[in-house]
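Enquirer: Start counting the sequence shown at 10; every next residue gets the next number (the numbering used here). Got a structure here, written out as structure tokens. Questions coming.
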Amino acid sequence: MILASSTLIAGLAAGSILAAEPPVEFDPSWESLETHPTPEWFEDGKFGIFIHWGVYSVPSFCDTSTYSEWYQWWLNTNSHGGKVTRFHADNYGEDFLYRDFAPMFRAEMFDPAEWASIFRRSGAEYIVITSKHHDGFCLWDSEVASEVRGYPWNSVETGPKRDLIGDLFDACREEGVRPGLYYSFMEWENPLYDREDKSEYVDRVMIPQIKDLIERYEPAVFWPDGEWDHPDEMWKSTETLEWIYENAANPDEIVVNDRWGRGLRGQVGDYTTTEYDNLGNSGGKEMRKHRPFEECRGIGHSFAFNRAENYDIYDSRTACVQRLIDLVSRGGVLLLDIGPTADGRIPLIMVDRLLAIGDWLEVNGEAIK
10 MILASSTLIA
20 GLAAGSILAA
30 EPPVEFDPSW
40 ESLETHPTPE
50 WFEDGKFGIF
60 IHWGVYSVPS
70 FCDTSTYSEW
80 YQWWLNTNSH
90 GGKVTRFHAD
100 NYGEDFLYRD
110 FAPMFRAEMF
120 DPAEWASIFR
130 RSGAEYIVIT
140 SKHHDGFCLW
150 DSEVASEVRG
160 YPWNSVETGP
170 KRDLIGDLFD
180 ACREEGVRPG
190 LYYSFMEWEN
200 PLYDREDKSE
210 YVDRVMIPQI
220 KDLIERYEPA
230 VFWPDGEWDH
240 PDEMWKSTET
250 LEWIYENAAN
260 PDEIVVNDRW
270 GRGLRGQVGD
280 YTTTEYDNLG
290 NSGGKEMRKH
300 RPFEECRGIG
310 HSFAFNRAEN
320 YDIYDSRTAC
330 VQRLIDLVSR
340 GGVLLLDIGP
350 TADGRIPLIM
360 VDRLLAIGDW
370 LEVNGEAIK
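Here you go:
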């Protein structure tokens, strides 16, 4: 009898193995990658939270018509009438380099459990945090980020001295919120990216960083950006996306956007992104109708915290809720941005707006699913 039971169990186990579906394989072509389905959870989720946080959160300043996460670019190009350049010289001195902000980005008040609790209470299905923005600073211990620059350029080696991505991901999963990653293809002031031939940057920095993020953190969302200056062939986008689809530990969960090369927005990926209702970088083409779209925007205008923004620039509670309703009615998803401070706090006005959305969703959420 024992032998028979053992045989039965072994047979069932073997049957389960045989019945398991083999992993889906793709070719490194957009035609093949387009067959990847958009996960159902994303289409049903309706609401996510974008988080722009990094070294730029130290000065947290720019003209109110633009984005403060571009501080380094505005500083170096004397843009917007030199507003950032003058601010920088007056407050930090002309000899103070952008990289000197890194030790000041300390995140000493960062409480990932508190953040995750706010996200859950907001009703958000997922979050997307900047693992690396255009300045190249990494919120995890990317050794190559520091290696190619010759100075500490990640949050474990300088500033907070902690893995900000890992800590936040753990807290979000505890609260049932799916964590995702933003990643910038381009980098300012990276000596490898500054070359005319950027192949070493792509092979030595970009692709290894992407693989590290996917393997280490298993994000539910991968959100590339900074792709617009170069074609997808230079970025090796199809090869990279094929690798993600075939090697992610969560293949049925992970979803990627459409920012994979010049002129491709609205044409590739699991969903389309708009930014302040603008498709942008689409090569003049209309976005696909058979994929969902996600609108990203701030509660104020800037994505990262901008100290120059006053109360009137921020959307009201009602405006935030109405924007969500409008987007969902058009088949979209809202990715609403917050910009934490350099010490790791979410500004209270942003918390207030998130919780107002959560209060509305608690009563009316089923109506927009």
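Built from N, CA and C at the ideal position, the CB exists for glycine as well.
#1: Inspect the beta-carbon positions of Gly272 and Gly289 and report whether they are closer than 8 Å.
#2: Among Asp261, Trp62, Phe128, which has the Cα closest to the Cα of Ala116?
#3: Using the beta-carbon count (16 or more within 10 Å), is Ala313 buried or exposed?
#4: Does the segment 302 to 317 come within contact of the segment 60 to 78, defined as at least 3 CB pairs closer than 8 Å?
#5: Among Ile322, Phe114, Asp53, Leu177, which has the Cα closest to the Cα of Asp352?
#6: Please report how far the alpha carbon of Leu148 lies from the alpha carbon of Tyr285, in whole angstroms.
#7: Considering only the beta carbon of each residue, do Leu201 and Tyr192 sit closer than 8 Å?
#8: Can you name, in chain order, every residue of its own chain whose Cβ lies under 6 Å from the Cβ of Gly367, other than the five neighbours on each side?
#9: If you drop the 5 nearest sequence neighbours on each side, which residues of the same chain put their C-beta closer than 6 Å to that of Thr16?
#10: Are at least three pairs of beta-carbons, each pair with one atom in the segment 144 to 160 and one in the segment 83 to 99, less than 8 Å apart?
#11: With C-beta atoms as the reference, is Ile138 less than 8 Å away from Ile60?
#12: CA-CA distance, Ala122 and Leu177?
#13: For Pro356 and Thr350, I'd like the C-alpha separation in whole angstroms.
#14: Measure the Cβ-Cβ separation of Glu1 and Ala258 and say whether it is below 8 Å.
#15: Could you name the residues of the same chain whose beta carbon sits closer than 8 Å to that of Pro48, not counting the 5 residues immediately before and after it, in chain order?
#16: Measuring CB to CB, does Asp241 end up less than 8 Å from Trp269?
#17: Tell me the DSSP bridge mates of Arg306?
#18: In terms of DSSP beta bridges, what is Cys147 paired with?
#19: Kindly indicate the opening and closing residues of the beta strand (DSSP E) around Val157.
#20: Taking 7 Å as the limit between beta carbons, can you name the residues of its chain near Ala365, skipping five residues before and five after?
#21: In angstroms, rounded to a whole number, what distance separates the CA positions of Phe51 and Arg300?
#22: Hey, quick one: how far does the alpha helix (DSSP H) through Leu84 stretch, first residue to last?
#23: In the DSSP assignment, what are the bridge partners of Glu284?
#24: Where does Thr282 land, buried or exposed, given buried means 16+ other C-beta within 10 angstroms?
#25: If distances are taken between C-alpha atoms only, which option among Trp124, Val157, Val372 comes closest to Asp361?
#26: So if DSSP puts Pro233 in a beta bridge, which residue, or which two residues, is it bridged to?
#27: Please report how far the alpha carbon of Ser338 lies from the alpha carbon of Ile377, in whole angstroms.
#28: Counting C-beta neighbours from all protein chains within 10 Å, is the total for Tyr323 16 or more, i.e. buried, or is it exposed?
#29: By the 10 Å Cβ neighbour count, where 16 or more other Cβ atoms means buried, how is Gly185 classified, buried or exposed?
#30: So what does DSSP say about Val265, is it helix, strand or coil?
#31: Would a C-beta distance cut-off of 8 Å place His110 and Val153 closer than the cut-off?
#32: Suppose the cutoff is 8 Å on Cβ atoms and the five residues either side in sequence are ignored; what does the same chain contact list for Ile127 look like?
#33: With Ile253 as the anchor, note down where its alpha helix (DSSP H) starts and where it stops.
#34: Among Arg187, Lys55, Asp150, which residue has its Cα nearest to the Cα of Lys170?
#35: Less than 8 Å between the beta carbons of Glu231 and Ile216, yes or no?
#36: Quick check: the Cα distance between Phe35 and Ile334, rounded to an integer number of angstroms?
Expert: Let me lay it out:
#1: The sequence position of residue 272 within the sequence shown is 263, counting from 1. The sequence position of residue 289 within the sequence shown is 280, counting from 1. No, they are not a contact pair.
#2: Numbered from 1 along the sequence shown, position 107 holds the residue referred to as residue 116. Closest by alpha carbon: Trp62.
#3: Here residue 313 corresponds to residue number 304 of the sequence shown, with the count starting at 1. With 16 or more neighbouring CB atoms inside 10 Å of its own CB, Ala313 falls in the buried class.
#4: Yes, they touch.
#5: Within the sequence shown, residue 352 is the residue found at index 343, counting from 1. Nearest option by C-alpha distance: Phe114.
#6: Within the sequence shown, residue 148 is the residue found at index 139, counting from 1. Within the sequence shown, residue 285 is the residue found at index 276, counting from 1. Straight-line Cα distance between these residues: approximately 26 Å.
#7: Residue mapping note: residue 201 aligns to position 192 of the sequence shown, counting from 1. Residue mapping note: residue 192 aligns to position 183 of the sequence shown, counting from 1. No, Cβ-Cβ distance for Leu201 and Tyr192 is not below 8 Å.
#8: As a first step, residue 367 must be located in the sequence shown, where it is residue number 358. Residues of the same chain with a CB within less than 6 Å of the CB of Gly367, apart from the 5 flanking positions on each side, are Arg130, Ser131, Gly132 in chain order.
#9: Locating residue 16 in the sequence shown gives position 7, counting from the first residue. Residue placement at Thr16 is poorly supported in this model, since its pLDDT is 42, which falls under 50; the coordinates still yield a value, given next. Excluding sequence neighbours, Thr16 sits near nothing in its chain.
#10: Counting Cβ pairs under 8 Å, fewer than three are found: no touch.
#11: As a working note, residue 138 is residue 129 in the sequence shown. As a working note, residue 60 is residue 51 in the sequence shown. Taking 8 Å as the Cβ cut-off, Ile138 and Ile60 qualify as a contacting pair.
#12: Indexing the sequence shown from 1 puts residue 122 at position 113. Indexing the sequence shown from 1 puts residue 177 at position 168. For Ala122 and Leu177, the distance between alpha carbons rounds to 8 Å.
#13: Along the sequence shown, one-based indexing puts residue 356 at 347. Along the sequence shown, one-based indexing puts residue 350 at 341. Each residue's Cα considered, the two are about 7 Å apart.
#14: There is no way to answer for residue 1, as the model of the chain reaches only from 10 to 378.
#15: Taking the sequence shown and counting its residues from 1, the one referred to as residue 48 is at position 39. For Pro48, same chain residues with a beta-carbon under 8 Å away, outside a window of 5 residues either side, are Asp261, Glu262, Ile263, Val264, Asp279 in chain order.
#16: Sequence index remark: in the sequence shown, residue 241 carries index 232 (1-based). Sequence index remark: in the sequence shown, residue 269 carries index 260 (1-based). In this structure, Trp269 lies closer than 8 Å to Asp241 by Cβ.
#17: By 1-based counting over the sequence shown, the position of residue 306 is 297. According to DSSP, Arg306 bridges with Leu345.
#18: Along the sequence shown, read from residue 1 onward, the residue named residue 147 stands at position 138. According to DSSP, Cys147 bridges with Lys141, Asn163.
#19: Position 148 of the sequence shown, counted from the start, is the residue given in the question as residue 157. Looking at the DSSP string, Val157 is not in any beta strand (DSSP E); the run it does join, the alpha helix (DSSP H), is 152 to 158.
#20: By one-based count along the sequence shown, residue 365 stands at place 356. Correct list, in chain order: Arg326, Cys329, Val330.
#21: Residue 51 sits at position 42 when you count from the first residue of the sequence shown. Residue 300 sits at position 291 when you count from the first residue of the sequence shown. For Phe51 and Arg300, the distance between alpha carbons rounds to 11 Å.
#22: For the purposes of this step, residue 84 is identified with residue 75 of the sequence shown, where counting begins at 1. 80 to 86 is the extent of the alpha helix (DSSP H) around Leu84.
#23: In the sequence shown, counting from the first residue as 1, residue 284 sits at position 275. Answer is Asn287, Cys305.
#24: Walking along the sequence shown from the start, residue 282 turns up at place 273. With 16 or more Cβ atoms within 10 Å of its Cβ, Thr282 is classed as buried.
#25: Working through the sequence shown from its first residue, we reach residue 361 at position 352. Comparing Cα-Cα distances from Asp361 to each of Trp124, Val157, Val372, the minimum goes to Trp124.
#26: To locate residue 233, count along the sequence shown from 1; it is residue 224. Answer is Tyr192.
#27: The sequence position of residue 338 within the sequence shown is 329, counting from 1. The sequence position of residue 377 within the sequence shown is 368, counting from 1. Ser338 and Ile377: Cα-Cα distance of roughly 8 Å.
#28: Taking the sequence shown and counting its residues from 1, one reaches residue 323 at position 314. When all chains shown are included, Tyr323 counts as buried.
#29: Walking along the sequence shown from the start, residue 185 turns up at place 176. Looking at its Cβ environment, which holds fewer than 16 other Cβ atoms inside 10 Å, Gly185 is exposed.
#30: Residue mapping note: residue 265 aligns to position 256 of the sequence shown, counting from 1. It is a strand residue.
#31: Locating residue 110 in the sequence shown gives position 101, counting from the first residue. Locating residue 153 in the sequence shown gives position 144, counting from the first residue. According to the sequence displayed, residue 110 carries Phe and not His. Cβ distance not < 8 Å, so Phe110 and Val153 don't count as in contact.
#32: By one-based count along the sequence shown, residue 127 stands at place 118. For Ile127, where only same-chain residues beyond five positions count, the Cβ hits under 8 Å are Ile355, Val360, Leu363, Leu364.
#33: Along the sequence shown, read from residue 1 onward, the residue named residue 253 stands at position 244. Start and end: 246 to 256.
#34: Here residue 170 corresponds to residue number 161 of the sequence shown, with the count starting at 1. For Lys170, the nearest C-alpha among the options comes from Asp150.
#35: For this step, residue 231 is matched to residue 222 along the sequence shown. For this step, residue 216 is matched to residue 207 along the sequence shown. The residue asked about is misnamed: residue 231 is Phe in this sequence, not Glu. Contact flag unset, no.
#36: As a position in the sequence shown, residue 35 is number 26, starting the count at 1. As a position in the sequence shown, residue 334 is number 325, starting the count at 1. Whole-angstrom Cα-Cα distance: 36 Å.
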